[in-house]
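Have a look at the structure below, then the notes.
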Amino acid sequence: MYKQNTMTILPKINLYLLYAILISIVFSKFNLNSFFIILFFATWLLEGHYREKWEKLKADKIFLTYSLYFILQVFGLIYTSDLLLGWKHVEHKAGFFVLPLLLGSNRFLNDRLRTRVMLFFCAVLLATSAYCLAVAAYRYHLTSDSGVFFYHSLVKPIPQHAIYFSIYVFIAVLFLFFENGKNPWLIKNKTACSILIVYFVIILILLSSKLVLSLVFILLVLLAVRAIVKKRSIVLTVSLFCALVLGSGVVFYSDTPIRQRFSAIVHGDLGLIKKEQFTPITDWNGLQLRILIWRFTLEILQTQRAWILGVSPGDAQKRLNEKYIAANMYIGDKNRGDTGFLGYNCHNQFFQIMLQSGTAGLLMLITWMSVFFRHAVKRKDPVLLGILLITFFFFTIESVFERQFGMILCTFFPLLYYYGRNEATYER
566 MYKQNTMTIL PKINLYLLYA ILISIVFSKF NLNSFFIILF FATWLLEGHY REKWEKLKAD
626 KIFLTYSLYF ILQVFGLIYT SDLLLGWKHV EHKAGFFVLP LLLGSNRFLN DRLRTRVMLF
686 FCAVLLATSA YCLAVAAYRY HLTSDSGVFF YHSLVKPIPQ HAIYFSIYVF IAVLFLFFEN
746 GKNPWLIKNK TACSILIVYF VIILILLSSK LVLSLVFILL VLLAVRAIVK KRSIVLTVSL
806 FCALVLGSGV VFYSDTPIRQ RFSAIVHGDL GLIKKEQFTP ITDWNGLQLR ILIWRFTLEI
866 LQTQRAWILG VSPGDAQKRL NEKYIAANMY IGDKNRGDTG FLGYNCHNQF FQIMLQSGTA
926 GLLMLITWMS VFFRHAVKRK DPVLLGILLI TFFFFTIESV FERQFGMILC TFFPLLYYYG
986 RNEATYER
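Just so you know, the numbering used here puts the end of the sequence shown at 993, numbered straight through with nothing missing.
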């Protein structure tokens with residue numbers, strides 16, 4: 566009787582834990598997502614059926630590629646000069662093994678549950694963004710500074726990173742648009758769904774991520790055309806065009822932080838990155854700094870002869886810091902606790918993996934992305950494909966795996982769609 570009751574209640578607990586993981590990645594202040602993943606693992610152990618789970622996992626390409634990447638991080642401990650930092654890196658990357666293990670061998674995840682999780686995610690984003698807007702309105706009342714509505718300032722009350730929050734909202738937009746004709750609740754509430762899409766697009770505009778806004782602009786054009794061709798809801802079509810016109814107007818014709826962020830890209834001398842020495846007061850824009858760090862990365866790999874296995878995850882940042890110091894870049898003021906450029910990673914996931922784990926790590930990253938993309942195209946899954954595309958482009962400007970929430974972003978959502986597309990998977 567006890568075992569039967571346990572098997573009945575575990576799926577409900579797993580659902581609530583999925584909800585909790587989503588809340589914890591949006592409300593990053595408390596950093597509880599690792600705790601909820603541990604609880605998720607505990608329910609996995611209580612469920613049993615280990616042989617059945619192993620049979621499923623050993624034939625799973627996604628689980629195998631994630632696992633190989635994690636094993637490579639552990640292997641880096643052998644040749645690192647900083648074992649403590651290397652071990653911390655391995656602990657940070659454990660989610661690349663644990664989440665595929667849990668979701669890949671699950672006995673509860675199916676299409677209906679995945680939809681419930683995504684609807685809950687949309688509700689969390691709606692509540693948190695509304696709260697941020699309310700706080701920004703109050704701060705604007707006190708200071709008359711319109712900057713409180715944009716970029717990092719907008720999500721500071723949570724607190725959250727503006728680009729990560731933009732990607733979360735982008736994923737919600739993908740879900741709401743492409744799932745609105747499949748889910749009964751969304752079908753019944755199409756008008757509310759359209760309004761929510763427009764609201765989320767406005768939030769994306771305020772968050773001011775150049776990457777996400779560029780992709781949203783392209784997406785809105787494609788979706789609006791698709792809505793007309795397929796004669797979808799007139800409300801949805803008009804909503805998409807309104808969002809498109811509003812977004813274009815704000816970005817290109819108004820004096821806002823959004824326009825300033827876009828214009829900053831085209832200003833600055835790219836020839837600056839060819840120099841060997843700089844001054845601590847050298848002014849860098851985001852593009853210049855990234856290209857310089859990528860140059861440093863290639864130079865490190867060349868001088869260390871570390872093209873195959875990298876310099877190890879434990880030594881990667883140390884080697885970059887040595888480059889910043891040697892180039893006379895700003896390294897902060899100890900009296901103020903300012904470290905300057907020390908600690909700046911590669912700001913590109915492909916270069917970051919090359920520096921840490923060489924071409925071996927890069928090949929593993931390309932492999933698991935290829936498996937995901939092939940699956941998304943084969944299943945004609947636009948939401949998964951959109952998640953993969955935004956993740957791929959995010960890789961080009963950030964070292965996503967270096968943040969705990971970056972690891973969650975690259976595992977939780979893709980795996981939720983990869984494994985959650987079956988009706989009544991292992992339901993008993």
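A virtual CB, placed ideally from N, CA and C, is assigned to each residue, including glycine.
Given the structure is predicted, the values throughout are model-derived calculations rather than measurements.
Closest residue to residue 743 among 957, 984, 963, 946 (Cα-Cα distance): Residue 743 sits at position 178 when you count from the first residue of the sequence shown. In terms of Cα proximity to residue 743, the closest of 957, 984, 963, 946 is 946.
Cβ neighbours of residue 566 in the same chain (closer than 7 Å, five flanking residues each side left out): Numbered from 1 along the sequence shown, position 1 holds the residue referred to as residue 566. Bear in mind that the predicted position of residue 566 carries a pLDDT of just 42, short of 50, making it too unreliable to give a figure here.
heavy atom of the ligand GDP below 7 Å from residue 918 C-beta: Judged by which ligands are present, the structure shown has none, so any question about the ligand GDP falls away.
Short Cβ contact (8 Å threshold) for residue 926 with residue 637: On the sequence shown, residue 926 is found 361 positions in, with the first residue counted as 1. On the sequence shown, residue 637 is found 72 positions in, with the first residue counted as 1. Annotated as proximal: residue 926 and residue 637, with beta-carbon spacing under 8 Å.
Neighbour-count burial assignment, residue 720, 16 or more Cβ in a 10 Å radius: Indexing the sequence shown from 1 puts residue 720 at position 155. It is buried - the Cβ of residue 720 has at least 16 other Cβ atoms within 10 Å.
Coarse secondary structure for residue 903, derived from DSSP in three states: Locating residue 903 in the sequence shown gives position 338, counting from the first residue. Strand at residue 903.
Alpha-carbon spacing of residue 605 relative to residue 785, whole angstroms: For this step, residue 605 is matched to residue 40 along the sequence shown. For this step, residue 785 is matched to residue 220 along the sequence shown. Near 37 Å, if we compare the C-alpha coordinates of residue 785 and residue 605.
Cut-off 8 Å between Cβ atoms - residues of its own chain near residue 984, not counting five sequence neighbours on either side: Here residue 984 corresponds to residue number 419 of the sequence shown, with the count starting at 1. Leaving aside the five residues that flank residue 984 on each side, the residues in its chain whose CB is nearer than 8 Å to its CB run, in chain order, 668, 669, 671, 674, 990.
Boundaries (first-last residue) of the alpha helix (DSSP H) holding residue 858: Within the sequence shown, numbered from 1, the residue matching residue 858 stands at position 293. Its alpha helix (DSSP H) spans residues 851-868.
Between the CA atoms of residue 579 and residue 992 - distance to the nearest angstrom: In the sequence shown, the residue the question calls residue 992 occupies position 427. In the sequence shown, the residue the question calls residue 579 occupies position 14. With a pLDDT of only 37 at residue 992, under 50, the local geometry of the prediction cannot be trusted, and the value read off the model is given with reservation. C-alpha separation (whole angstroms): 13 Å.
Integer-rounded CB distance, given that residue 953 should sit under 8 Å from residue 664: Stepping through the sequence shown from its first residue, residue 664 is reached at position 99. Stepping through the sequence shown from its first residue, residue 953 is reached at position 388. Not confirmed; about 16 Å, so no contact.
Contact check, residue 1002 vs residue 590, beta carbons under 8 Å: Outside the shown range of the chain, which is 566 to 993, sits residue 1002, and nothing can be said about it.
Classification of residue 733 by the beta-carbon crowding that lies within 10 angstroms, buried from 16 upward: Here residue 733 is taken as the residue at index 168 of the sequence shown, counted from 1. When all chains shown are included, residue 733 counts as buried.
DSSP state of residue 779 mapped onto helix, strand, coil: For the purposes of this step, residue 779 is taken as residue 214 along the sequence shown, with counting starting at 1. Residue state for residue 779 is assigned as helix, using DSSP reduced to three classes.
Where the alpha helix (DSSP H) containing residue 638 begins and where it ends: In the sequence shown, residue 638 corresponds to position 73, counting from 1. For residue 638, the enclosing alpha helix (DSSP H) has its first and last residue at 626-640.
Start-to-end residues for the alpha helix (DSSP H) that takes in residue 964: If you number the sequence shown from 1, residue 964 lands on position 399. Segment: none, residue 964 is in no alpha helix (DSSP H) and carries neither H nor E.
Spatial neighbours of residue 921 in its chain, beta-carbon cut-off 6 Å, leaving aside the 5 residues before and after: Here residue 921 refers to the residue found at position 356 of the sequence shown. For residue 921, where only same-chain residues beyond five positions count, the Cβ hits under 6 Å are 875, 878, 881.
Burial state of residue 660 (16 or more Cβ within 10 Å): Your numbering for residue 660 matches position 95 in the sequence shown. Buried: at least 16 other Cβ atoms inside 10 Å.
Where residue 898 falls: helix, strand or coil (DSSP): Position 333 of the sequence shown, counted from the start, is the residue given in the question as residue 898. DSSP places residue 898 in strand when its eight states are reduced to three.
Buried versus exposed, by CB contacts within 10 Å (16 or more), residue 607: Start at 1 with the first residue of the sequence shown, and residue 607 comes out as number 42. In summary, residue 607 is exposed, with fewer than 16 beta-carbon neighbours lying within 10 Å of its beta-carbon over all protein chains present.
Nearest-angstrom Cα separation, counted from residue 712 out to residue 581: In the sequence shown, residue 581 corresponds to position 16, counting from 1. In the sequence shown, residue 712 corresponds to position 147, counting from 1. When rounded, the distance between both Cα atoms is 37 Å.
Under the three-state DSSP convention, the category residue 673 falls into: Residue numbering aside, residue 673 sits at position 108 when the sequence shown is read from its first letter. Coil.
Cβ-based neighbour list, residue 731, same chain, cut-off 7 Å, excluding 5 preceding and 5 following: Mapped onto the sequence shown, residue 731 falls at position 166. Closer than 7 Å at the Cβ level, and outside the excluded window around residue 731, lie 769, 772, 774, 777.
Contacts around residue 630, its chain only, beta-carbon distance under 8 Å, and the 5 residues preceding and following it disregarded: Your numbering for residue 630 matches position 65 in the sequence shown. Within its own chain, the residues whose Cβ lies closer than 8 Å to the Cβ of residue 630, once the five positions on either side in sequence are excluded, are 929, 932, 933, 936, listed in chain order.
Straight-line Cα distance separating residue 741 from residue 691: Position 126 of the sequence shown, counted from the first residue, corresponds to residue 691. Position 176 of the sequence shown, counted from the first residue, corresponds to residue 741. Whole-angstrom Cα-Cα distance: 13 Å.
Distance CB(residue 889)-CB(residue 906) smaller than 8 Å: Here residue 889 refers to the residue found at position 324 when the sequence shown is read from its first residue. Here residue 906 refers to the residue found at position 341 when the sequence shown is read from its first residue. Yes, the pair counts as a contact, with Cβ atoms nearer than the cut-off.
Minimum length 3: unbroken beta strand (DSSP E) runs contained in the segment 684-727: Under the rule that a run must span 3 or more residues, no beta strand (DSSP E) segment is found entirely inside the segment 684-727.
Cβ-Cβ distance between residue 696 and residue 722 below 8 Å: For the purposes of this step, residue 696 is identified with residue 131 of the sequence shown, where counting begins at 1. For the purposes of this step, residue 722 is identified with residue 157 of the sequence shown, where counting begins at 1. Cβ distance < 8 Å, so residue 696 and residue 722 count as in contact.
Residue range of the alpha helix (DSSP H) that includes residue 982: Taking the sequence shown and counting its residues from 1, the one referred to as residue 982 is at position 417. Residues 977-984.
Distance between residue 860 and residue 838 (C-alpha atoms, nearest Å): Your numbering for residue 838 matches position 273 in the sequence shown. Your numbering for residue 860 matches position 295 in the sequence shown. Spanning the two alpha carbons is a distance of roughly 8 Å.
C-beta atoms of residue 622 and residue 678 nearer than 8 Å: Working through the sequence shown from its first residue, we reach residue 622 at position 57. Working through the sequence shown from its first residue, we reach residue 678 at position 113. Cβ atoms of residue 622 and residue 678: not closer than 8 Å.
Residue 898 versus 845, 654, 857, residue with shortest Cα-Cα distance: Counting from 1 along the sequence shown, the entry for residue 898 is found at position 333. Cα-wise, what sits closest to residue 898 is 845.
C-beta atoms of residue 735 and residue 781 nearer than 8 Å: As a position in the sequence shown, residue 735 is number 170, starting the count at 1. As a position in the sequence shown, residue 781 is number 216, starting the count at 1. Yes; because the gap between Cβ atoms is below 8 Å, this pair is in contact.
Option nearest residue 869 by Cα separation, candidates 615, 645, 610, 603: Along the sequence shown, one-based indexing puts residue 869 at 304. It is 645.
Given residue 586 as reference, the closest of 652, 843, 944, 683 once Cα atoms are compared: As a first step, residue 586 is located in the sequence shown; it is residue number 21 there, counting from the start. The shortest C-alpha to C-alpha distance from residue 586 to any of 652, 843, 944, 683 is the one to 683.
DSSP state of residue 872 mapped onto helix, strand, coil: Here residue 872 is taken as the residue at index 307 of the sequence shown, counted from 1. Residue 872: coil per DSSP, three-state reduction.
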